[in-house]
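Below is one structure, written out as structure tokens, with a few remarks after it.
In UniProt numbering, the protein residues as written are 1 to 310.
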């Protein structure tokens, strides 16, 4: 599970980087020695920098994602090195190659090691919740929360303003964060209970633990109902989205009404022609009404959800 919920007030650049690489979270509590660089990184940097120093065009062409600008720069550097060899001899070429290799090695080592995302993870500890940080039951609830939120915020209906886009963008992330915080607390209490059961459990302790377990169960059910409401909003949004896509297709087809009218007038000059021409418009009207109803149901589900208190 790579479900991740971020605090809404995190810096946008950090949010994007962390959301793009949830597999790197949570990082180790302390930054590793040498910034996470290993002996393998050093050897790889030396080998690749040697190629960059003497045949820079080769590593540029060997990349899977060949970037034209990078290939052009490597070609110019390769031409310059060959020019030095031809104009000043092999010794000058070798010296220039070593200089380029040194710069490349330092650059590669600087880029190696731990990802900046890990640094963000340590810096913003307590302001994000990853599924790996939770117990399996709580992680599954977090996954459902993330999926439902993504469905609504990624919907064309939300993008085109048919839903309450402002409330969605502001309130939904905060709702997701409140759910994630509650799941974190549930996980903490579950682990405390598990730790308490590993020791000597007397009858009184067992009674207290049973009472606490019941409280956890009630709290989990209440939170699950809240998540179900979020999923209902997402389901309504998906239903309205399907109708919206169909309506857009019919709108595109309706733009060709004149062409169909002309075609039918050429081939069937009788009342049936007008009837056939009107079919697309009639379907579009019916679908527009269906779309209006579906969007209204989704908006009502969203309004009910967004008005709920934690």
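Where a beta carbon is used, it is the ideal one built from N, C-alpha and C, also for glycine.
Buried versus exposed call for residue i [16 or more other C-beta atoms within 10 Å across all chains shown]
i           : result
residue 97  : buried
residue 88  : exposed
residue 155 : buried
residue 274 : Confidence is the limiting factor: at residue 274 the pLDDT is only 48, short of 50, which leaves the residue's position unreliable, though a coordinate-based value still follows. Flag for residue 274 reads exposed.
residue 245 : exposed
residue 204 : exposed
Residue i and residue j closer than 9 Å at C-beta
i           : j           : result
residue 158 : residue 237 : yes
residue 303 : residue 164 : yes
residue 313 : residue 179 : In the structure as shown, the chain begins at 1 and stops at 310. Residue 313 is therefore absent and cannot be evaluated.
residue 35  : residue 113 : yes
residue 190 : residue 135 : yes
residue 26  : residue 2   : no
residue 227 : residue 137 : no
residue 176 : residue 145 : yes
residue 242 : residue 297 : no
residue 50  : residue 147 : no
Cα-Cα separation, residue i to residue j
i           : j           : result
residue 232 : residue 301 : 7 Å
residue 55  : residue 69  : 17 Å
residue 129 : residue 192 : 19 Å
residue 48  : residue 57  : 12 Å
residue 100 : residue 41  : 19 Å
residue 170 : residue 133 : 25 Å
residue 28  : residue 82  : 47 Å
residue 37  : residue 109 : 8 Å
residue 212 : residue 219 : 11 Å
residue 139 : residue 20  : 19 Å
residue 7   : residue 127 : 5 Å
residue 199 : residue 188 : 18 Å
residue 39  : residue 122 : 24 Å
residue 65  : residue 214 : 55 Å
residue 53  : residue 45  : 12 Å
Interface flag, residue i vs chain D, CB-CB below 9 Å
i          : result
residue 60 : Of the protein chains in this structure there is only one, and it is not chain D.
Supposed close pair residue i, residue j - CB separation, criterion 8 Å
i          : j           : result
residue 17 : residue 116 : 7 Å
residue 24 : residue 118 : 6 Å
residue 71 : residue 60  : 5 Å
Proximity test, residue i beta-carbon vs the ligand GTP heavy atom, cut-off 8 Å
i           : result
residue 155 : Questions concerning the ligand GTP fall outside what the structure shown contains, since it holds no ligand whatsoever.
Indicate whether the contact test is met: 3 or more Cβ pairs, each with one atom in the stretch 3-13 and one in the stretch 100-115, closer than 8 Å. The stretch 3-13 and the stretch 100-115 do not touch, with fewer than 3 CB-CB distances between them shorter than 8 Å.
Original post:
Taking one C-beta from the stretch 174-191 and one from the stretch 216-236 each time, how about it: are there three or more such pairs within less than 8 Å?
Top reply: Touching, yes.
Is it a yes or a no for the stretch 75-83 touching the stretch 142-151, going by three-plus beta-carbon pairs under 8 Å?
-> With a cut-off of 8 Å, the stretch 142-151 and the stretch 75-83 do not count as touching, because too few Cβ pairs lie within range.
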